[in-house]
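Trainee:
Number of protein chains: 2
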Amino acid sequence: MTITRGLQPFPRAEYLRRLAAVKAEMARRDIHALVVNNAANVAYLSGYTVSGSWGSLAQALLVAIDKEEPVLVVRQCDAPAAIHQTFLERVNVIGFSESLVGKSGADGFDAVIDFLQEAGMTKRGLGLEVDYLPPQTAEKFRVRLASTSIIDCSKAVAWIRFVKSDIEISVMREAAAIADAGILRASEVIRPGVQEADAVAEIAAALVRGGDGKPGTSIPPIYLCSSPRTGTCHIRWSEDVFRVGSQVNLELGGARYGYHVGLMRTYSIGPPSDRLRRLHEAEVAGLEAALEAVRPGATCSDVANAFYRTIKKMGFEKETRCGYPIGINWTEPTASLQDGDMTELKPNMTFHLMLGNWIDEDFGYVISETFRVTESGAEVLTLAPRKLFELD
Amino acid sequence: MTITRGLQPFPRAEYLRRLAAVKAEMARRDIHALVVNNAANVAYLSGYTVSGSWGSLAQALLVAIDKEEPVLVVRQCDAPAAIHQTFLERVNVIGFSESLVGKSGADGFDAVIDFLQEAGMTKRGLGLEVDYLPPQTAEKFRVRLASTSIIDCSKAVAWIRFVKSDIEISVMREAAAIADAGILRASEVIRPGVQEADAVAEIAAALVRGGDGKPGTSIPPIYLCSSPRTGTCHIRWSEDVFRVGSQVNLELGGARYGYHVGLMRTYSIGPPSDRLRRLHEAEVAGLEAALEAVRPGATCSDVANAFYRTIKKMGFEKETRCGYPIGINWTEPTASLQDGDMTELKPNMTFHLMLGNWIDEDFGYVISETFRVTESGAEVLTLAPRKLFELD
Numbered sequence: 015m016t017i018t019r020g021l022q023p024f025p026r027a028e029y030l031r032r033l034a035a036v037k038a039e040m041a042r043r044d045i046h047a048l049v050v051n052n053a054a055n056v057a058y059l060s061g062y063t064v065s066g067s068w069g070s071l072a073q074a075l076l077v078a079i080d081k082e083e084p085v086l087v088v089r090q091c092d093a094p095a096a097i098h099q100t101f102l103e104r105v106n107v108i109g110f111s112e113s114l115v116g117k118s119g120a121d122g123f124d125a126v127i128d129f130l131q132e133a134g135m136t137k138r139g140l141g142l143e144v145d146y147l148p149p150q151t152a153e154k155f156r157v158r159l160a161s162t163s164i165i166d167c168s169k170a171v172a173w174i175r176f177v178k179s180d181i182e183i184s185v186m187r188e189a190a191a192i193a194d195a196g197i198l199r200a201s202e203v204i205r206p207g208v209q210e211a212d213a214v215a216e217i218a219a220a221l222v223r224g225g226d227g228k229p230g231t232s233i234p235p236i237y238l239c240s241s242p243r244t245g246t247c248h249i250r251w252s253e254d255v256f257r258v259g260s261q262v263n264l265e266l267g268g269a270r271y272g273y274h275v276g277l278m279r280t281y282s283i284g285p286p287s288d289r290l291r292r293l294h295e296a297e298v299a300g301l302e303a304a305l306e307a308v309r310p311g312a313t314c315s316d317v318a319n320a321f322y323r324t325i326k327k328m329g330f331e332k333e334t335r336c337g338y339p340i341g342i343n344w345t346e347p348t349a350s351l352q353d354g355d356m357t358e359l360k361p362n363m364t365f366h367l368m369l370g371n372w373i374d375e376d377f378g379y380v381i382s383e384t385f386r387v388t389e390s391g392a393e394v395l396t397l398a399p400r401k402l403f404e405l406d
Numbered sequence: 015m016t017i018t019r020g021l022q023p024f025p026r027a028e029y030l031r032r033l034a035a036v037k038a039e040m041a042r043r044d045i046h047a048l049v050v051n052n053a054a055n056v057a058y059l060s061g062y063t064v065s066g067s068w069g070s071l072a073q074a075l076l077v078a079i080d081k082e083e084p085v086l087v088v089r090q091c092d093a094p095a096a097i098h099q100t101f102l103e104r105v106n107v108i109g110f111s112e113s114l115v116g117k118s119g120a121d122g123f124d125a126v127i128d129f130l131q132e133a134g135m136t137k138r139g140l141g142l143e144v145d146y147l148p149p150q151t152a153e154k155f156r157v158r159l160a161s162t163s164i165i166d167c168s169k170a171v172a173w174i175r176f177v178k179s180d181i182e183i184s185v186m187r188e189a190a191a192i193a194d195a196g197i198l199r200a201s202e203v204i205r206p207g208v209q210e211a212d213a214v215a216e217i218a219a220a221l222v223r224g225g226d227g228k229p230g231t232s233i234p235p236i237y238l239c240s241s242p243r244t245g246t247c248h249i250r251w252s253e254d255v256f257r258v259g260s261q262v263n264l265e266l267g268g269a270r271y272g273y274h275v276g277l278m279r280t281y282s283i284g285p286p287s288d289r290l291r292r293l294h295e296a297e298v299a300g301l302e303a304a305l306e307a308v309r310p311g312a313t314c315s316d317v318a319n320a321f322y323r324t325i326k327k328m329g330f331e332k333e334t335r336c337g338y339p340i341g342i343n344w345t346e347p348t349a350s351l352q353d354g355d356m357t358e359l360k361p362n363m364t365f366h367l368m369l370g371n372w373i374d375e376d377f378g379y380v381i382s383e384t385f386r387v388t389e390s391g392a393e394v395l396t397l398a399p400r401k402l403f404e405l406d
């Protein structure tokens, strides 16, 4: 009995377009075959989002420059999911034996290397995403393929997926609507006397129910940092109960088929302090200045400095960077919205303009937007009001 | 202004006990300082569960054999969270500069190496968790510390945390109650006509609200593999609507302060097929046989083979292993419940006895229990009925 192919978020032509860009880069680097091991890159090139076991399990997508489709090598029990989720012909999904799981010494990368050798993919340049391999695995490739020229391609695919297609942008719009739903739900459930976890339960549920009739396809981490923890950025939530006077910094994301859109807002139960209100005003002014600086040809540094200059005029500083490219599995490891990053913006690059500002150990504020670069400026994908939510 | 210390799930003495075991192992390996980089190991030895940025960010806990407390080196903006969450004196939390974030070349490990040198921790043997470092980071340690003897300790801490203390078991009992709540909530919300995401929204909310008055502290991945995807193991959920005749395989977990307890159950909307019922009966019999095989001195192989033998007699086989040690951040990378693993069981080892059985591409079944080894047998931590849930 065979499994059916599932709903495909993208047509085959979209995956072939992405692969063509990767193959062009492979040609430039004189690489005949590329071993794609980073989970986000695998999703980008195949549609496979079964990432629970990436990192602990050895799996890879193998792109040959002279073959239309890549080959996905996964643990045997995940092969049906690969057939169901990806655009690949079933012959291009290879399950490796369970005897390679939970052992020391051999693992799925031995099956990957076996396949590369049998398919004649080791005779010319071989690209590896070395940064995403444990050192002993990188060494295994070097030892077992001693006569193959191995080239590090750790960030090659990430740079390609940095610029989205219109169809990717439309999926990110769906994720943005989900992030909006989460932020708005939070404004309904954060109330004095409510336990933080009970509010987060409602927020998480909203991120799965989704927005505009499209459910979330996974639950990105939710960070709810409330008084006295507003100076922290990555605490999930506590066992405290909200009180009048509590401030709540919330970071969450919407997810559709691996694509993430991040969103941050700050809530105050009762009137905010003057300091918080002034910081909010400076941050919103800075956010608007940063968005105004966005246009093709401007640099990441330009955008960050527009923010830094604006809040400085208003009496504040921010130590952390102003954000990063966002897409599959949240952060992309390429450019950075910070002073000195001279990466030039191009249409359909997408960024999480992350303006969380942790000023003191016990005082911080968050706001962010996810935007795409347009032909002439920036388009913010989310619709949540850019306000400091005052709750009763 | 300084941040306050938060609720501590464990007393200081518990962390010192764990550190004493690590230092004894360091002494055996002639190691003076250990760089702990695996997020689960850092949580184990400090209480720090801000793991969102582990993996993409370079951070570490540094254990010196002659110092009572380790030193936690994190990104500056995460230092307040470290002070809040861990048992460490604030002088032992070091924030590294934001100038090391989002750059190529230098990263937080440069700050780690600087600290090791300044603290005189590089003069004798230095342990690294090499498996959890990118190859270029492992190389950076080798180059920058060329005269230091570097010893790979990738699994040393994982083997120590394999055996839990009674207080860790009590935290896992709390996580188990949460997993139970999720499985029971699923039996209420999986109904014909309900969209899968709407059911998952309720299940996720239950995992945060928690059980026995203790909220979940994070949301472990939820895998809901329904007809026609019951032959897959790691699909989160689909955009389908449940129908009469649908089968639903559910894997979820409860989490408390990083400690995870896994649980799987199968649901049938309407009467199950004869094949499903027979498989369920074989699996429950196998599960009971496996639990009966658990006692100190028995091996992981003994437990797995008790299961395999039982289901074989009843006409079934299972390709995948029968589970793995479970604790902080789910799977522990040590033993494996499979034929040939001669690891001997000891009291307070904890396992996810994972009996998911994906028989055909389009047919599988799941059941599991999380148990601890007692002085004389096994204690299952969860209470969910060991049944095939038949829903209307």
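Just so you know, the sequences run in chain order S and R. Quick note on numbering: the first sequence equals residues 15 to 406 in the numbering used here. Quick note on numbering: the second sequence equals residues 15 to 406 in the numbering used here. For every residue, glycine included, the Cβ atom is placed at its ideal position computed from N, Cα and C.
Looking at the secondary structure, which residues open and close the alpha helix (DSSP H) in which proline 94 (chain R) lies?
Mentor: To locate residue 94 (chain R), count along the second sequence from 1; it is residue 80. Note, proline 94 (chain R): alpha helix (DSSP H), 93 to 99.
Trainee: So, at 6 Å on beta carbons, what are the nonlocal neighbours of tryptophan 68 (chain R) in its own chain, with the 5 sequence-adjacent residues on each side left out?
Mentor: If you number the second sequence from 1, residue 68 (chain R) lands on position 54. At tryptophan 68 (chain R) the pLDDT is 47, less than 50, meaning the model places this residue with poor confidence and gives no usable figure here.
Trainee: Does phenylalanine 101 (chain S) come within less than 8 Å of chain R when only Cβ atoms are used?
Mentor: Within the first sequence, the letter at position 87 stands for residue 101 (chain S). Output row for phenylalanine 101 (chain S): interface = no.
Trainee: Let's see if you can read the secondary structure: which residues bound the alpha helix (DSSP H) around isoleucine 156 (chain S)?
Mentor: Position 142 of the first sequence, counted from the start, is the residue given in the question as residue 156 (chain S). The sequence shown places arginine at residue 156 (chain S), rather than the isoleucine named in the question. It spans 149 to 158 - the alpha helix (DSSP H) in which arginine 156 (chain S) sits, taken as one unbroken run.
Trainee: Measure the beta-carbon distance from leucine 159 (chain S) to valine 49 (chain S) and round it to whole angstroms, keeping in mind my assumption that it falls under 8 Å.
Mentor: In the first sequence, residue 159 (chain S) corresponds to position 145, counting from 1. In the first sequence, residue 49 (chain S) corresponds to position 35, counting from 1. The Cβ separation is near 10 Å, so there is no contact.
Trainee: State the CB to CB distance for the pair glutamate 333 (chain S) and glutamine 73 (chain R), rounded to an integer number of angstroms; the pair is presumed to be in contact (CB under 8 Å).
Mentor: Residue 333 (chain S) sits at position 319 when you count from the first residue of the first sequence. Residue 73 (chain R) sits at position 59 when you count from the first residue of the second sequence. Not really, about 17 Å apart at Cβ, beyond 8 Å.
Trainee: Counting only beta-carbon atoms, is serine 67 (chain S) nearer than 8 Å to chain R?
Mentor: Counting from 1 along the first sequence, the entry for residue 67 (chain S) is found at position 53. Only weak support exists for where serine 67 (chain S) lies, its pLDDT of 48 falling under 50; the value from the coordinates is given anyway. So yes, serine 67 (chain S) belongs to the interface.
Trainee: Does DSSP put cysteine 239 (chain R) in a helix, in a strand, or in coil?
Mentor: Walking along the second sequence from the start, residue 239 (chain R) turns up at place 225. If DSSP states are grouped into helix, strand and coil, cysteine 239 (chain R) belongs with the strands.
Trainee: For isoleucine 127 (chain R), which residues in the same chain have their Cβ closer than 6 Å to its Cβ, ignoring the five residues on either side in sequence?
Mentor: Working through the second sequence from its first residue, we reach residue 127 (chain R) at position 113. So the qualifying residues of the chain are Arg158.
Trainee: Using CA coordinates, which residue listed in R:Gly109, R:Ile236, R:Val275, R:Arg292 is at the minimum distance from isoleucine 183 (chain R)?
Mentor: As a first step, residue 183 (chain R) must be located in the second sequence, where it is residue number 169. Of the listed residues, the one whose Cα sits closest to isoleucine 183 (chain R) is R:Val275.
Trainee: Is DSSP giving glycine 341 (chain R) helix, strand or coil here?
Mentor: Position 327 of the second sequence, counting from 1, holds the residue named residue 341 (chain R). DSSP places glycine 341 (chain R) in strand when its eight states are reduced to three.
Trainee: Expressed to the nearest angstrom, what Euclidean distance is found between the alpha-carbon atoms of glutamate 153 (chain R) and valine 64 (chain S)?
Mentor: Counting from one through the second sequence, the residue named residue 153 (chain R) turns up at place 139. Counting from one through the first sequence, the residue named residue 64 (chain S) turns up at place 50. Answer to the nearest angstrom: the Cα atoms are 31 Å apart.
Trainee: If I follow the unbroken alpha helix (DSSP H) through aspartate 212 (chain S), where does it start and stop?
Mentor: Counted from its first residue, the first sequence places residue 212 (chain S) at position 198. That run of the alpha helix (DSSP H) goes 210 to 223.
Trainee: How should glutamate 358 (chain S) be labelled, buried or exposed, when 16 other C-beta atoms within 10 angstroms of its C-beta is the threshold for buried?
Mentor: Within the first sequence, the letter at position 344 stands for residue 358 (chain S). Exposed, since its Cβ has fewer than 16 Cβ neighbours within 10 Å.
Trainee: Does any residue of chain R have a CB that is nearer than 8 Å to the CB of phenylalanine 377 (chain S)?
Mentor: Your numbering for residue 377 (chain S) matches position 363 in the first sequence. Chain R, which has a Cβ nearer than 8 Å to the Cβ of phenylalanine 377 (chain S), makes this yes.
Trainee: Quick one, which of S:Leu21, S:Leu405, S:Lys327, S:Cys167 has its alpha-carbon nearest asparagine 51 (chain S)'s?
Mentor: Stepping through the first sequence from its first residue, residue 51 (chain S) is reached at position 37. When only C-alpha atoms are compared, the closest one is S:Cys167.
Trainee: Taking arginine 26 (chain S) as the reference, give the member of S:Ala307, S:Gly61, S:Lys137, S:Ala200 with the closest Cα.
Mentor: Position 12 of the first sequence, counted from the start, is the residue given in the question as residue 26 (chain S). Looking at the Cα atoms, S:Gly61 is the closest of the given residues.
Trainee: Quick one: what does DSSP say isoleucine 127 (chain R) is sitting in, helix, strand or coil?
Mentor: Counting from one through the second sequence, the residue named residue 127 (chain R) turns up at place 113. DSSP places isoleucine 127 (chain R) in helix when its eight states are reduced to three.
Trainee: Chain S partners of leucine 147 (chain R), CB-CB under 9 Å?
Mentor: On the second sequence, position 133 is the one that residue 147 (chain R) refers to. Here the neighbours are Pro148, Pro149.
Trainee: Considering only the beta carbon of each residue, do glutamine 261 (chain S) and threonine 280 (chain S) sit closer than 8 Å?
Mentor: The residue given as residue 261 (chain S) occupies position 247 in the first sequence. The residue given as residue 280 (chain S) occupies position 266 in the first sequence. A contact, by the Cβ cut-off of 8 Å.
Trainee: With a threshold of 8 Å between beta carbons, is leucine 159 (chain S) in contact with chain R?
Mentor: Mapped onto the first sequence, residue 159 (chain S) falls at position 145. Output row for leucine 159 (chain S): interface = no.
Trainee: Is it right to say glutamate 346 (chain R) is buried, meaning 16 or more other beta carbons lie within 10 angstroms of its own, or is it exposed?
Mentor: For the purposes of this step, residue 346 (chain R) is identified with residue 332 of the second sequence, where counting begins at 1. So glutamate 346 (chain R) ends up on the buried side.
Trainee: Give the straight-line distance between the Cα atoms of valine 36 (chain R) and glutamine 99 (chain R), rounded to the nearest whole angstrom.
Mentor: In the second sequence, counting from the first residue as 1, residue 36 (chain R) sits at position 22. In the second sequence, counting from the first residue as 1, residue 99 (chain R) sits at position 85. Rounded to whole angstroms, valine 36 (chain R) to glutamine 99 (chain R) spans 21 Å at the Cα level.
Trainee: Give me the subset of the segment 218 to 232 of chain S whose CB atoms are less than 9 Å from a CB atom of chain R, sorted by chain position.
Mentor: Taking 9 Å as the Cβ-Cβ cut-off against chain R, the residues of the segment 218 to 232 of chain S that qualify are Ala218, Ala219, Ala220, Leu221, Val222, Arg223, Gly224, Lys228, Pro229, Gly230, Thr231, Ser232.
Trainee: Quick one: is glutamate 10 (chain S) near chain R, going by C-beta distance under 8 Å?
Mentor: The displayed coordinates of chain S run from 15 to 406. Any statement about residue 10 (chain S) would go beyond what the structure contains.
Trainee: Nearest-angstrom Cα distance between isoleucine 381 (chain R) and threonine 18 (chain R)?
Mentor: The residue you call residue 381 (chain R) lines up with position 367 of the second sequence. The residue you call residue 18 (chain R) lines up with position 4 of the second sequence. Answer to the nearest angstrom: the Cα atoms are 43 Å apart.
Trainee: Give the range of the alpha helix (DSSP H) segment to which isoleucine 165 (chain R) is assigned.
Mentor: The residue labelled residue 165 (chain R) in the question sits at position 151 within the second sequence. First-last for isoleucine 165 (chain R): 164 to 166, but that is the beta strand (DSSP E), not the alpha helix (DSSP H).
Trainee: Using only CA atoms, which one of S:Ile283, S:Ile342, S:Ala219, S:Lys360 lies nearest to valine 308 (chain S)?
Mentor: Locating residue 308 (chain S) in the first sequence gives position 294, where the first residue counts as 1. Looking at the Cα atoms, S:Lys360 is the closest of the given residues.
Trainee: Of the choices R:Pro206, R:Gly227, R:Ser232, R:Leu198, whose alpha-carbon is the least far from that of isoleucine 217 (chain R)?
Mentor: The count along the second sequence starts at 1 and reaches residue 217 (chain R) at position 203. Isoleucine 217 (chain R) has its Cα closest to that of R:Leu198, out of R:Pro206, R:Gly227, R:Ser232, R:Leu198.
Trainee: Just tell me which of R:Asn319, R:Ser241, R:Arg250, R:Gly272 has its CA closest to the CA of isoleucine 283 (chain R).
Mentor: For this step, residue 283 (chain R) is matched to residue 269 along the second sequence. The shortest C-alpha separation from isoleucine 283 (chain R) is found at R:Ser241.
Trainee: Rounding to the nearest angstrom, what Cα-Cα distance links isoleucine 165 (chain R) and arginine 42 (chain R) in this structure?
Mentor: Counted from its first residue, the second sequence places residue 165 (chain R) at position 151. Counted from its first residue, the second sequence places residue 42 (chain R) at position 28. Roughly 12 Å separates the two Cα atoms.
Trainee: When you compare the segment 78 to 85 of chain R with the segment 379 to 394 of chain S, are there three or more beta-carbon pairs, one atom per stretch, that lie closer than 8 Å?
Mentor: With a cut-off of 8 Å, the segment 379 to 394 of chain S and the segment 78 to 85 of chain R do not count as touching, because too few Cβ pairs lie within range.
Trainee: Straight-line CA distance for valine 203 (chain R) to leucine 238 (chain R)?
Mentor: For the purposes of this step, residue 203 (chain R) is taken as residue 189 along the second sequence, with counting starting at 1. For the purposes of this step, residue 238 (chain R) is taken as residue 224 along the second sequence, with counting starting at 1. Going from the Cα of valine 203 (chain R) to the Cα of leucine 238 (chain R) covers about 13 Å.
Trainee: Taking 6 Å as the limit between beta carbons, can you name the residues of its chain near methionine 135 (chain S), skipping five residues before and five after?
Mentor: Position 121 of the first sequence holds residue 135 (chain S). Hits under 6 Å: Ala47, Ala78.
Trainee: Considering only C-alpha positions, which residue in the set S:Gln150, S:Leu102, S:Asp92 is nearest to phenylalanine 24 (chain S)?
Mentor: Position 10 of the first sequence, counting from 1, holds the residue named residue 24 (chain S). For the residues S:Gln150, S:Leu102, S:Asp92, the minimum Cα distance to phenylalanine 24 (chain S) belongs to S:Leu102.
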